[in-house]
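The numbering of the sequence shown is our numbering, which starts it at 171 and goes up by one.
Glycine residues also receive a C-beta, built at the ideal position from the N, C-alpha and C atoms.
Being a predicted model, the structure only gives us computed values, none of them experimental.
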Amino acid sequence: MPDDILRFDSVSFAHPGAAEPLFRGVSATFGRGWTGIVGANGAGKTTLLRIAVGELQPSGGTVLRPVSRLYVAQRTDDPPPDVREFFESGDAEAWQARIDLEVGDDWEGRWDALSHGERKRLQIAIALWRSPGLLALDEPTNHLDRPARAVLLEALRRYRGAGLLVSHDRELLDALCTQCLFVTPPGARMRPGGVSAGMEQDRREQTAARTADDSAKHAAERYRAAAQERREEGERMAARTKAKTKNAKANKWDHDGKAERRLAKLTGKDAWAGKQAAALSKRASRAQASRAEFHVRKEFAVGFWLEDAEYSRRNFVLRVPAGSLPLGPGRTLVHPDLEILPRDRVALTGPNGTGKSTLLRFLRTRFNVPEEHLTFVPQEITAAESADILADARKLPDDRLGFVMTRFSRLGSRPGRLLDSAQPSPGEVRKLLLALGIARGPHLVVMDEPTNHMDLPGIECLEEALAAAPCAMLLSSHDERFLSGLATVRWNLEAVSPERVELDVSPYEPG
Ligand SMILES: Nc1ncnc2c1ncn2[C@@H]1O[C@H](COP(=O)(O)OP(=O)(O)OP(=O)(O)O)[C@@H](O)[C@H]1O
Ligand SMILES: [Mg+2]
Numbered sequence: 171m172p173d174d175i176l177r178f179d180s181v182s183f184a185h186p187g188a189a190e191p192l193f194r195g196v197s198a199t200f201g202r203g204w205t206g207i208v209g210a211n212g213a214g215k216t217t218l219l220r221i222a223v224g225e226l227q228p229s230g231g232t233v234l235r236p237v238s239r240l241y242v243a244q245r246t247d248d249p250p251p252d253v254r255e256f257f258e259s260g261d262a263e264a265w266q267a268r269i270d271l272e273v274g275d276d277w278e279g280r281w282d283a284l285s286h287g288e289r290k291r292l293q294i295a296i297a298l299w300r301s302p303g304l305l306a307l308d309e310p311t312n313h314l315d316r317p318a319r320a321v322l323l324e325a326l327r328r329y330r331g332a333g334l335l336v337s338h339d340r341e342l343l344d345a346l347c348t349q350c351l352f353v354t355p356p357g358a359r360m361r362p363g364g365v366s367a368g369m370e371q372d373r374r375e376q377t378a379a380r381t382a383d384d385s386a387k388h389a390a391e392r393y394r395a396a397a398q399e400r401r402e403e404g405e406r407m408a409a410r411t412k413a414k415t416k417n418a419k420a421n422k423w424d425h426d427g428k429a430e431r432r433l434a435k436l437t438g439k440d441a442w443a444g445k446q447a448a449a450l451s452k453r454a455s456r457a458q459a460s461r462a463e464f465h466v467r468k469e470f471a472v473g474f475w476l477e478d479a480e481y482s483r484r485n486f487v488l489r490v491p492a493g494s495l496p497l498g499p500g501r502t503l504v505h506p507d508l509e510i511l512p513r514d515r516v517a518l519t520g521p522n523g524t525g526k527s528t529l530l531r532f533l534r535t536r537f538n539v540p541e542e543h544l545t546f547v548p549q550e551i552t553a554a555e556s557a558d559i560l561a562d563a564r565k566l567p568d569d570r571l572g573f574v575m576t577r578f579s580r581l582g583s584r585p586g587r588l589l590d591s592a593q594p595s596p597g598e599v600r601k602l603l604l605a606l607g608i609a610r611g612p613h614l615v616v617m618d619e620p621t622n623h624m625d626l627p628g629i630e631c632l633e634e635a636l637a638a639a640p641c642a643m644l645l646s647s648h649d650e651r652f653l654s655g656l657a658t659v660r661w662n663l664e665a666v667s668p669e670r671v672e673l674d675v676s677p678y679e680p681g
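Right under this line is the structure:
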C-alpha cells in the first residue's frame, strides 16, 4: 500500500455512551492532494479525522491508513508535543516551515501568551515540517487574518501527501481541493471538485431526488385510490349478486336458465374487480417502497429573530476613558475615550496579534449592562468549559430548555445529538452559548470572532438575526463580509511601531 492512500470501507462509529451511532457504512477513498471535509457543526468532521489518523477505532468496517499520519487539532488549547524539537531542529525543512508560516523566533515556550492565530500557524508549521503521508487539518483558517490565510494557502499547496481539510472557508476549499466529502450523519458522500461545485451538485441531486420522490408518492396515492374504487365496485357487485341469487332461487319460471347465466356473469365480474384491487394495491406498495431509494434529506427550519432583545434604556452601554493596556513584554495598546451607545454596532478589527481579545477581556467587566442582559461569546471555549456549559443547560427547566433548543436547531445543528453528547463540538457549543444568551434578552451582544468554528448556514442565520436585532453589538472579526452587513462604527487596531498598537475610531466603511 503506498504511503499516501487512505481508504474507508463501510465504516461505522459511535461515541461511547451515545444512543445512536454517528456513522453507518461510510466508504470513501482519499488519494494524494487535498480532500475537503464539510458538514454542519456536530456532523462529525473532527470525529472522522480522528478515525482517519487512527486516534479512534471504528466499531464496524475497515480503515486502510498510510503509515505516517498526523492530526492537527481544531482546538488551540494545548501546544503540539514536538514544539521544542521543532525549534531545536536546524534542518532546512524546519526553517522553511518557519518562514512559510511566519513563525516568530521567540514563540518557543510561550504557548499561553500566543494569540490563537499565532498558535494555529505554529501548529501547522510543525505538521508541514513533519511531512506525513496523511495530514488531517481541522479548521486551519480559524483565527487567521487575510494575509495569514494567503500565506497558509501557499504553504498547503506545497504538501505532497494525502491531505484532509476540514473547513468552512469556501475560498480555501475551492482553491485547494480536488474532491470534497459531504458529511451528513450517518452517511457521507464524496463529490469531485471544490466545495462550490460539490454544493451545486448536491443541490441538483436533492432537487432531482425530491421530484422523483414526489412523483412516486403521487403514483402510490393514485394506485391506492384506484384499488379502493375497485374494491368498492367489487363489494357493490357482490351485494347485487347476493340479491339476484335470492331472486333466482325464488324464480320458478327460469326454465331456460337465463337468470342463472346472468348471475354467473356477475359473480365473475366481482371476482375480477377483487383481483384488480389486489394488483393495484401491490403497485401502490411498490411505488411507496421505491421512495427509499431517493435519499431525500430531511430539511430543518433555520433562521431566527432575536425576539427578546431590546435597546438598553441607559444613556450608554460602555464608557471608558482614554488609556493603555499591556500586550505582553514591551508592547502597549493605546486607546482614546471609548463609548458604545445603546444602538451602536461596533466592528473591532485589526491584524493577528494586535490585541483584540485582550481589549475585549479588559472591557468584559466594564459594560454598563446588567449581567443577565449581556451575551458574551469568547473566541475560544476549552473542552472542559464546553462540557460545563452543556451540563448547566441540561439542568434548565423543561420549557426553558425547549426554548433554547429551538434556537439551537434554528442555527442549523441537531439538538438531539448535542444533548446526547459527552463533549459538544466547538461549533455546537458556540451555537449553544448564543441560544442561551438570546433566551435572556440581550441589551448588548459581544462576540470574539463569531464566524470561527461556525458552519455556513449558522453564519448566515447569525448574520440575519444580528442585522434585525434591537440591541448594541461589539463584534471582533476578520470576516469583513460578515461585518459589512452589520457594523456602524469601526474600532481598528494597528501596530504603529513594534512597541505600540493604536486604536482608531471611525464610522464603519467596508474594508
Ligand atoms: N467524546 C465524545 N463523546 C460523545 N459525543 C461526542 C464526543 N465527541 C463528540 N461528540 C459528539 O459527536 C458529534 C460529532 O462531533 P464532532 O466534533 O466530530 O463534530 P464536528 O463536525 O467536527 O463539529 P464542529 O463543526 O463544531 O467542529 C457531536 O454531536 C458531538 O457533540
Ligand atoms: Mg470539529
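Let's see if you can read the secondary structure: which residues bound the beta strand (DSSP E) around residue i?
i           : result
residue 641 : First-last for residue 641: undefined, no H or E at that position.
residue 516 : 515-519
residue 193 : 193-200
residue 306 : 304-308
According to DSSP, what are the bridge partners of residue i?
i           : result
residue 269 : Partner(s): none; residue 269 has no beta bridge.
residue 510 : 488
residue 505 : 493
residue 211 : Bridge partners of residue 211: none, in fact.
residue 676 : 660
residue 182 : 230
residue 362 : 349
residue 670 : 502, 667
residue 546 : 616
residue 357 : 354
In its own chain, which residues sit with a C-beta less than 8 Å from the C-beta of residue i, not counting the 5 before and 5 after it?
i           : result
residue 396 : 450
residue 274 : 288
residue 237 : 173, 303
residue 179 : 197, 231, 232, 233, 234
residue 655 : 633, 637
Which residues in the same chain as residue i place their Cβ atom closer than 7 Å to its Cβ, once the five residues preceding and following it in sequence are excluded?
i           : result
residue 299 : 256, 263, 264, 267
residue 329 : 298, 305
residue 250 : 293, 296
residue 534 : 546
residue 391 : none
residue 291 : 271, 272, 273, 318
residue 187 : 592
Skipping 5 residues on each side, what residues in its chain have a beta carbon closer than 6 Å to that of residue i?
i           : result
residue 464 : 379, 382, 383
residue 446 : 400
residue 214 : 192, 353, 355
residue 644 : 516, 616
residue 681 : 650
residue 612 : 479, 543, 545, 641
residue 359 : 352
Where does residue i sit, in a helix, a strand or coil, going by DSSP?
i           : result
residue 617 : strand
residue 256 : helix
residue 277 : coil
residue 349 : strand
residue 295 : helix
residue 655 : coil
residue 380 : helix
residue 393 : helix
residue 467 : coil
residue 331 : coil
residue 206 : strand
residue 177 : strand
residue 284 : coil
residue 239 : strand
residue 223 : helix
Let's see if you can read the secondary structure: which residues bound the alpha helix (DSSP H) around residue i?
i           : result
residue 323 : 316-327
residue 664 : Counting along the chain, residue 664 falls outside any alpha helix (DSSP H), though it belongs to the beta strand (DSSP E) covering 659-667.
residue 528 : 526-533
residue 570 : 568-580
residue 118 : Because the chain is modelled from 171 through 681, residue 118 falls outside the range shown and cannot be assessed.
residue 588 : 585-590
residue 555 : 553-564
So, is the C-beta of residue i closer than 8 Å to a C-beta in chain B?
i           : result
residue 435 : Among the chains of the structure shown, chain B does not appear; only one protein chain is present.
### Task
Assess, as a yes-or-no matter, whether the segment 339-350 is touched by the segment 550-565 under the definition of 3 or more beta carbon pairs within less than 8 Å.
no
### Query
So does the segment 220-235 actually touch the segment 176-184, counting three or more Cβ pairs closer than 8 Å?
yes
### Task
Pair every Cβ in the segment 661-672 with every Cβ in the segment 512-528, then say whether three or more of these pairs are closer than 8 Å.
yes
### Message
Quick test of the definition: if touching needs 3 or more C-beta pairs under 8 Å, does the segment 504-511 touch the segment 665-673?
### Response
yes
### Query
Between the segment 431-444 and the segment 564-579, do at least 3 Cβ pairs fall closer than 8 Å?
no
### Query
Does the segment 451-463 come close enough to the segment 403-411 that 3 or more CB-CB pairs lie under 8 Å?
no
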